[in-house]
Amino acid sequence: MAHDTRVAAARDGSPVPPGPPPSKPARGRTDLWWWPFAVPALVLTVAFFLLPFALNGYFAFTRWTGFSSVIAFNGVENFTNLVESGVLLRAIRVTVTYAVIAMVMQNVISLSLALLMQRTGRVNSFFRALYFLPVLISPLAAGYIWSAILEPGGPLNGAIGVFSSGFDYAWLGHGTSALVSVAFIDVWKWSGIVTLVYIAGLNAIPHSLVEAARIDGANAWKTFWWVKFRLLAPALTFSVVVSFLGALNAFDIVQATTRGGPGDATSVLNIALYRQYAGGFFGTASSISLVITILVIVLGVPLIAFLRRREVEA
Amino acid sequence: MTGAARRWDALRVVVLAVLALPWVLIPMWLLLINSVKPYSEASRLDLALPREWRFDNFSVVFDEGNYPTALLNSLGIAIPTLACVLLFGSMAAWAFARSRRLSMKVAYNLCVLSVLLPPAILPTIYELQVLQIDGSRLGYFLVMVGTRLGVVVFLATGFVRAMPPDLEEAAAIDGASKPQIFRLLILPSLLPVLLVGGVILIITIWNEFLFALFLLRGADSATLPLGLFRFASASSEVIAFRWDLVFAHVVLTSLPIVIVYLFVQRRLVQGLSEGAIKG
Numbered sequence: 001m002a003h004d005t006r007v008a009a010a011r012d013g014s015p016v017p018p019g020p021p022p023s024k025p026a027r028g029r030t031d032l033w034w035w036p037f038a039v040p041a042l043v044l045t046v047a048f049f050l051l052p053f054a055l056n057g058y059f060a061f062t063r064w065t066g067f068s069s070v071i072a073f074n075g076v077e078n079f080t081n082l083v084e085s086g087v088l089l090r091a092i093r094v095t096v097t098y099a100v101i102a103m104v105m106q107n108v109i110s111l112s113l114a115l116l117m118q119r120t121g122r123v124n125s126f127f128r129a130l131y132f133l134p135v136l137i138s139p140l141a142a143g144y145i146w147s148a149i150l151e152p153g154g155p156l157n158g159a160i161g162v163f164s165s166g167f168d169y170a171w172l173g174h175g176t177s178a179l180v181s182v183a184f185i186d187v188w189k190w191s192g193i194v195t196l197v198y199i200a201g202l203n204a205i206p207h208s209l210v211e212a213a214r215i216d217g218a219n220a221w222k223t224f225w226w227v228k229f230r231l232l233a234p235a236l237t238f239s240v241v242v243s244f245l246g247a248l249n250a251f252d253i254v255q256a257t258t259r260g261g262p263g264d265a266t267s268v269l270n271i272a273l274y275r276q277y278a279g280g281f282f283g284t285a286s287s288i289s290l291v292i293t294i295l296v297i298v299l300g301v302p303l304i305a306f307l308r309r310r311e312v313e314a
Numbered sequence: 001m002t003g004a005a006r007r008w009d010a011l012r013v014v015v016l017a018v019l020a021l022p023w024v025l026i027p028m029w030l031l032l033i034n035s036v037k038p039y040s041e042a043s044r045l046d047l048a049l050p051r052e053w054r055f056d057n058f059s060v061v062f063d064e065g066n067y068p069t070a071l072l073n074s075l076g077i078a079i080p081t082l083a084c085v086l087l088f089g090s091m092a093a094w095a096f097a098r099s100r101r102l103s104m105k106v107a108y109n110l111c112v113l114s115v116l117l118p119p120a121i122l123p124t125i126y127e128l129q130v131l132q133i134d135g136s137r138l139g140y141f142l143v144m145v146g147t148r149l150g151v152v153v154f155l156a157t158g159f160v161r162a163m164p165p166d167l168e169e170a171a172a173i174d175g176a177s178k179p180q181i182f183r184l185l186i187l188p189s190l191l192p193v194l195l196v197g198g199v200i201l202i203i204t205i206w207n208e209f210l211f212a213l214f215l216l217r218g219a220d221s222a223t224l225p226l227g228l229f230r231f232a233s234a235s236s237e238v239i240a241f242r243w244d245l246v247f248a249h250v251v252l253t254s255l256p257i258v259i260v261y262l263f264v265q266r267r268l269v270q271g272l273s274e275g276a277i278k279g
């Protein structure tokens, strides 16, 4: 096998046509030798990601419960049930709100941190490593740590109490502040990576352009807004998309802090999915899973397209 | 540097140092210091030093929190997953980057779909039931590999495409076989992206909770995050959260990954901030 490949590659590689680039890889029959390299990854991805993914398109429309071994097609019944009980639309609203809050906070905070730590040097290396630490903590553990900090008698209210004594607001006990707090924990957990991606983006901007803007009399803000921010496009695309789509799949932090409460204020789709699963309603849980997929596609694709177009213009 | 630039630089360091307090240092301190307090002190959730040091919180976690079993499960899943994902991922990346067959392009696109699309949990359970590995560590491991290969394929394929193929072609002409070229040329050049990607992967695999919750059943097969969740949930139903024990568990659960980080910290942070991962 090795011998054949070599002979074939040599035969194919020798009559190099003039002109650039002479880098056409082996073609035709010899190309089959690539398959042994691709097959393990392809088989595992198809078997344990794509197949379940495709099956979900069927299971979402079935009555599949833990109380019966029969899985029967039941049309859109799962969806009508979810809509009528009010679970679905509320969960979609909560999830999208959560994702938007997390995405905006993530990118504002991480880009600010990146600007502060942009220049390569010893001090900044230290800070970059320090601010990276929350990334190591599991989202679940991050949820526990921050629910302690946000407790009515916890350190945050303790610090606020220095200025207005007896402050005991339950951050996770009120709908709006709970949703914002949980999204914030998500931001905190991942900011370390996003910051480094932004630093890479900032350092990829040609220094001459920034310099030219300065010479033309642009102040720090104008240089940032008109030069750096425009040329940051690839890093921005990556960070916005990853933080938004990641937040659409939120689960761990919510489960560790509020479990969807108070009321249903933080019941994101994955929480609703888990509740259906725990209740034995596997078909309905699949329906919610399909909704998450559709949300990712319907919101993610235009977002990527928009940000990519912006990259070209910049 | 001009005077103004130097002042701005000093200001920046001060801002970063002050901000690090609430952002990193206080949460970490709260975690560490309350993990060695007795229950009554820890439930006050303050930042003071313990009046009574309770290091046996950790032994409670060891015994009641099933820590040793969970640690072995986490190691036994995370390390093989990482090895398979990095090896198979870079093998496929080489093939995808160099072959021009349409079928290969289709295969590439199928592989990287998992980068953006969310995995479907319920049908996964169904499939594992059919394969009779539902609830087992083997099933969870296979799903971890299948759902994470896409990222490595995506990153590494982009990396190989940017590499000129001249060296590989010369090696082929000199008689090197494909496996030899892969082992001696491709794998070493992929090292930077595999290191950064591998560390991010090991962090997310180590901390993975959603699939563990659905796919692993029984205390014997629980990984560390699942063990932490069950431990915290069990401890909270009786009275309020046992913050002392929950924090002790968090410390022990995070410890292995922090140790890994200490070893690769410099290269990881440097790699990421030089753009090892691109959009």
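Heads up: the protein sequence lines correspond to chains P and C, in order.
Residues 1 to 314 in full-length UniProt numbering are what the first sequence spells out, letter by letter.
Residues 1 to 279 in full-length UniProt numbering are what the second sequence spells out, letter by letter.
Glycine included, each C-beta is placed from N, C-alpha and C at the ideal position.
Predicted model only: the values in this text are computed from it and were never measured.
Top-ranked residue by Cα proximity to residue i, from the options
{"i": "C/Cys84", "options": "P/Phe238, P/Ala41 and P/Leu116", "result": "P/Ala41"}
{"i": "P/Gly86", "options": "P/Thr257, P/Ile109 and P/Ala272", "result": "P/Ala272"}
{"i": "P/Leu299", "options": "P/Ala114, P/Gly121, P/Ala99 and P/Gln276", "result": "P/Ala99"}
{"i": "P/Thr65", "options": "C/Leu122, C/Arg7, C/Asp244 and C/Ile181", "result": "C/Leu122"}
{"i": "C/Trp29", "options": "C/Pro50, C/Gly158, C/Val115 and C/Met163", "result": "C/Pro50"}
{"i": "C/Ile257", "options": "C/Ile79, C/Ala219 and C/Val60", "result": "C/Ile79"}
{"i": "P/His174", "options": "P/Leu50, P/Phe73 and P/Gly263", "result": "P/Gly263"}
{"i": "P/Ser147", "options": "C/Arg266, C/Leu272 and C/Leu31", "result": "C/Leu31"}
{"i": "P/Thr118", "options": "C/Val13, C/Ser114 and C/Ala248", "result": "Note that residue 118 of chain P is Gln in the sequence shown here, rather than Thr. Ranking C/Val13, C/Ser114 and C/Ala248 by Cα distance to P/Gln118 puts C/Val13 first."}
{"i": "C/Leu19", "options": "P/Trp35, P/Asn81, P/Tyr58 and P/Ser112", "result": "P/Ser112"}
{"i": "P/Arg128", "options": "C/Asp46, C/Ser43 and C/Trp23", "result": "C/Trp23"}
{"i": "P/Trp35", "options": "C/Tyr108, C/Arg6, C/Asn57 and C/Ser114", "result": "C/Tyr108"}
{"i": "P/Leu44", "options": "C/Asp174, C/Val260 and C/Thr124", "result": "C/Thr124"}
{"i": "C/His249", "options": "C/Leu262, C/Tyr261, C/Ala234 and C/Val260", "result": "C/Ala234"}
{"i": "C/Pro118", "options": "P/Phe49, P/Phe163, P/Thr80 and P/Ser165", "result": "P/Phe49"}
{"i": "C/Pro188", "options": "C/Ser90, C/Val269, C/Ala48 and C/Val251", "result": "C/Ser90"}
{"i": "C/Leu75", "options": "C/Asn207, C/Val60 and C/Trp53", "result": "C/Asn207"}
{"i": "P/Val194", "options": "P/Gly57, P/Asn107, P/Leu55 and P/Thr97", "result": "P/Asn107"}
{"i": "C/Val143", "options": "C/Thr81, C/Pro165 and C/Arg242", "result": "C/Thr81"}
{"i": "residue 284 of chain C", "options": "C/Phe58, C/Arg54 and C/Ala10", "result": "Within the shown structure, residues of chain C are numbered from 1 to 279, placing residue 284 of chain C beyond reach of any answer."}
Contacting residues, own chain, Cβ-Cβ under 6 Å from residue i (five flanking each side not counted)
{"i": "P/Ile292", "result": "Leu269"}
{"i": "C/Val160", "result": "Ala93, Trp94 and Ala97"}
{"i": "P/Pro25", "result": "Low confidence applies here, because P/Pro25 scores a pLDDT of 48, under 50, leaving its location unreliable and the question unanswered by this model."}
{"i": "P/Trp171", "result": "Leu150, Ser177 and Ser181"}
{"i": "P/Arg259", "result": "none"}
{"i": "P/Gly28", "result": "Low per-residue confidence applies at P/Gly28: pLDDT is 46, beneath 50, and the placement is therefore not dependable, though the value from the model is reported in the following sentence. Excluding sequence neighbours, P/Gly28 sits near nothing in its chain."}
{"i": "C/Val264", "result": "Val199"}
{"i": "C/Ala232", "result": "Val246"}
{"i": "C/Glu274", "result": "none"}
Expected contact under 8 Å - CB spacing of residue i and residue j to nearest Å
{"i": "P/Met105", "j": "P/Ala178", "result": "Incorrect: roughly 15 Å between the Cβ atoms, too far for contact."}
{"i": "P/Gly279", "j": "P/Arg63", "result": "P/Gly279 to P/Arg63, Cβ: 14 Å. No contact."}
{"i": "P/Ala38", "j": "C/Met163", "result": "The pair is not a contact, with the Cβ atoms about 18 Å apart (cut-off 8 Å)."}
{"i": "C/Leu128", "j": "C/Gly139", "result": "4 Å"}
{"i": "P/Ile304", "j": "P/Val241", "result": "6 Å"}
{"i": "P/Val46", "j": "C/Leu110", "result": "7 Å"}
{"i": "C/Thr271", "j": "C/Val196", "result": "According to the sequence provided, residue 271 of chain C is Gly. The question's Thr does not apply to it. About 4 Å; that satisfies the 8 Å criterion."}
Cβ-based neighbour list, residue i, same chain, cut-off 7 Å, excluding 5 preceding and 5 following
{"i": "P/Ile109", "result": "Val187 and Ser191"}
{"i": "P/Asn74", "result": "Phe61, Thr62 and Arg63"}
{"i": "C/Val193", "result": "Leu155, Ala156, Phe159 and Ala276"}
{"i": "C/Leu185", "result": "Leu167, Glu168 and Ala171"}
{"i": "C/Leu86", "result": "Val152, Leu194 and Gly198"}
Neighbour flag for residue i against chain A, beta carbons, 9 Å
{"i": "P/Gly153", "result": "Judged by its chain identifiers, the structure shown contains no chain A, and its protein chains are P and C."}
Close Cβ partners of residue i (< 8 Å) along its chain, the five nearest in sequence each way excluded
{"i": "C/Ala229", "result": "Residue identity check: residue 229 of chain C is Phe in the sequence provided, not Ala. Phe209 and Leu213, listed in sequence order."}
{"i": "P/Asp255", "result": "Before going on, a small fix: residue 255 of chain P reads as Gln here, not Asp. Leu140, Gly143, Ile271 and Tyr274, listed in sequence order."}
{"i": "C/Val260", "result": "Val199 and Ile202"}
{"i": "P/Ile294", "result": "none"}
{"i": "P/Gly153", "result": "Asp168"}
Contact test: residue i Cβ vs the ligand COA heavy atom, cutoff 8 Å
{"i": "C/Leu255", "result": "Ligands in the displayed structure: none, and consequently the ligand COA is not present."}
Exercise for the section: Say whether the region 132-144 of chain P touches the region 198-210 of chain C, bearing in mind that this needs 3 or more beta-carbon pairs closer than 8 Å, one atom from each stretch. Expected result: Verdict: yes, contact present.
Practice task
State whether the region 246-256 of chain P contacts the region 155-173 of chain P, with contact taken as three or more CB pairs (one from each stretch) at a distance under 8 Å.
Solution key: Contact fails: fewer than three Cβ-Cβ distances are below 8 Å.
Exercise for the section: Compile a chain-ordered list of the residues in the region 89-116 of chain P whose CB is closer than 7 Å to at least one CB of chain C. Expected result: For the region 89-116 of chain P, which is checked against every Cβ of chain C, the residues closer than 7 Å are Leu116.
Exercise for the section: Determine contact between the region 171-180 of chain C and the region 214-233 of chain C, defined as no fewer than three beta-carbon pairs at a distance below 8 Å. Expected result: No, because fewer than three Cβ pairs between the region 171-180 of chain C and the region 214-233 of chain C fall closer than 8 Å, the two stretches do not touch.
Exercise for the section: Residues of the region 245-275 of chain C with a CB closer than 7 Å to any CB of chain P: list them in chain order, please. Expected result: So the list reads Val246, Val250, Thr253, Ser254, Ile257, Val258, Tyr261, Gln265, Val269, Leu272, Ser273, Glu274 and Gly275, given in the order they occur along the chain.
Handout entry: Within 7 Å of chain C by C-beta, residues of the region 39-58 of chain P in sequence order
Key = Residues passing the 7 Å Cβ filter: Pro40, Ala41, Leu42, Leu44, Thr45, Val46, Ala47, Phe48, Phe49, Leu50, Leu51, Pro52, Phe53, Leu55 and Asn56.
Exercise for the section: Quick one: which residues of the region 243-261 of chain P get their C-beta closer than 7 Å to a C-beta of chain C? List them in chain order. Expected result: Taking 7 Å as the Cβ-Cβ cut-off against chain C, the residues of the region 243-261 of chain P that qualify are Leu245, Asn249, Phe251 and Asp252.
Exercise for the section: Note down, in chain order, all residues in the region 37-50 of chain C with a beta-carbon under 8 Å from any beta-carbon belonging to chain P. Expected result: Of all residues in the region 37-50 of chain C, the ones placed with a Cβ closer than 8 Å to any Cβ belonging to chain P are Arg44, Leu45, Asp46 and Leu47, in chain order.
Problem - Selection of the region 51-70 of chain C by Cβ proximity to chain P, strictly under 7 Å - result: So the list is empty, because no residue satisfies the distance condition.
Problem - Residues of the region 283-298 of chain P with Cβ closer than 7 Å to any Cβ of chain C, in chain order - result: Residues Ala285, Ser286, Ser289, Ile292, Thr293 and Val296.
Practice task
Check distances from the C-beta atoms of the region 112-144 of chain C to those of chain P and list, in chain order, the residues that come in under 8 Å.
Solution key: So the list reads Leu113, Ser114, Leu116, Leu117, Pro118, Pro119, Ala120, Ile121, Leu122, Pro123, Thr124, Ile125, Tyr126, Glu127, Leu142 and Val143, given in the order they occur along the chain.
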